[in-house]
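Let me begin by presenting the structure, written as structure tokens, before commenting on it.
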Ligand code: HEM
């Protein structure tokens, strides 16, 4: 039997798609825009390979009549893969579109996850194709390289036809004082908070733990910062935020940086809902704890009384309804790669 190089190339490309998709999705820094360029190029290479494989797939489906689990998983994988590709391409070329309240880019990600599960089962059933002696066939990998190159050329040629988006793939909405969406990561949806009873605690590895009222925070909230909130749901908005620089709050609490036992290494910012994200001490110094946006106090949906403004990070890091800041002596990496709530 000839080495099924198209299948192996498809598998490798899909794994690269997952990796570049995830890394591009969590990245908010323009200098790493190439992650999603790679994702686009990989997607076009996949389209070319599927075109190639199309007649083989059609032949197999027509020839064998018995529906085994391997066959079902194969058909479902191909279907989900086509759907993922179509939704991704529609998002890129057809502007910001939504279905059942979800952006097409979010839907293509939700479909990519079960796709990988079906594909894993399919590959396990067909594991003989990964036989090492055959897989090192040089021509097979030359062809994979050619498919990748063709994908890159197609991406480069078609990039002028794409909609106007940020490097993250997000479309602009309501910048500089307009309305922009109220969204939260999974289902964070607290009742409105009363400014009279709200407190902000700042504790952990600090010399002077703090508990601040809304009034006290407002008195300190004098710094303005123009920053882009870029939601992984596919939109971004540039706004002027006003609030207290986190570095001022940390200095007021007497944070001690360094490697000594009991010194600060990371800052955990927690919402009243329990949602939290952890940051390195150095990056936290660049953030703002905002009380206002576009000259007005934040509304409930945008995190009243206070939300984090974390320029250069994706929207899910901008914790809303903040009630606690905790300085800890643990690595900033100590958190799930994506929030679980
Ligand atoms: C493994 C299967 C996947 C396939 C086949 C796929 C396919 C695509 C396609 C065709 C596009 C449009 C690219 C372009 O025209 O430039 C796209 C965009 C995108 N994908 Fe995926 N994707 C996959 C998985 C993922 C995953 C797992 C994530 C994130 C966790 C992701 C995140 C993104 C983002 C953020 C964009 C928008 C980029 C832009 O508009 O420039 N993808 N994807």
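Residue numbers (our numbering): 51 to 391.
Don't be surprised by glycine CBs; every beta carbon is placed ideally from N, CA and C.
Name, in chain order, the residues that DSSP records as bridge partners for residue i.
i	result
residue 253	376
residue 221	285
residue 292	274, 342
residue 329	317
residue 359	338
residue 152	149
residue 280	286
residue 305	256
residue 386	DSSP output for residue 386 lists no bridge partner at all.
residue 347	342
residue 261	251
If you check the beta carbons only, do residue i and residue j fall under 8 Å apart?
i	j	result
residue 341	residue 360	no
residue 393	residue 259	Past the boundaries of the shown model lies residue 393; the chain is included only from 51 to 391, so the question cannot be answered.
residue 335	residue 296	yes
residue 139	residue 149	no
residue 291	residue 265	no
residue 100	residue 85	no
residue 94	residue 170	no
residue 325	residue 238	yes
residue 316	residue 329	yes
residue 373	residue 320	yes
residue 194	residue 59	yes
residue 15	residue 225	Nothing can be reported for residue 15: it is not among the residues displayed for the chain, which extend from 51 to 391.
residue 252	residue 318	no
residue 98	residue 200	yes
residue 354	residue 389	no
residue 61	residue 173	yes
residue 384	residue 369	no
residue 71	residue 362	no
residue 255	residue 305	yes
residue 202	residue 91	yes
residue 294	residue 339	yes
residue 289	residue 344	yes
residue 76	residue 257	no
residue 137	residue 154	yes
residue 248	residue 323	no
Residue i: beta carbon under 7 Å from a heavy atom of ligand 1?
i	result
residue 211	no
residue 58	no
residue 366	no
residue 279	no
residue 260	no
residue 72	yes
residue 159	yes
residue 89	yes
residue 285	no
residue 75	yes
residue 289	no
residue 248	no
residue 341	no
residue 154	no
residue 93	yes
residue 205	yes
residue 162	yes
residue 82	no
residue 235	no
residue 219	yes
residue 214	no
residue 134	yes
residue 67	yes
residue 85	no
residue 323	no
residue 138	yes
residue 64	yes
residue 131	yes
residue 10	Limits of the chain in this structure are 51 at one end and 391 at the other, which puts residue 10 out of reach.
residue 142	yes
residue 100	no
residue 96	yes
So, does the CB of residue i fall closer than 8 Å to a CB anywhere in chain C?
i	result
residue 140	Of the chains in the structure shown, none is chain C; there is only one protein chain.
Worksheet item: Is it true that the stretch 119 to 135 meets the stretch 151 to 170, where meeting means three or more beta-carbon pairs spaced less than 8 Å apart?
Response: Using a C-beta cut-off of 8 Å, the stretch 119 to 135 makes contact with the stretch 151 to 170, since at least three inter-stretch Cβ pairs fall below that distance.
Worksheet item: On the three-pair Cβ rule with 8 Å, is the stretch 342 to 351 touching the stretch 311 to 328?
Response: no
Worksheet item: If you pair each beta-carbon of the stretch 275 to 293 with each one of the stretch 223 to 233, do three or more pairs fall below 8 Å?
Response: yes
Discussion item. Pairs of beta-carbons, one from the stretch 57 to 69 and one from the stretch 202 to 212, closer than 8 Å: are there three or more?
Written reply: no
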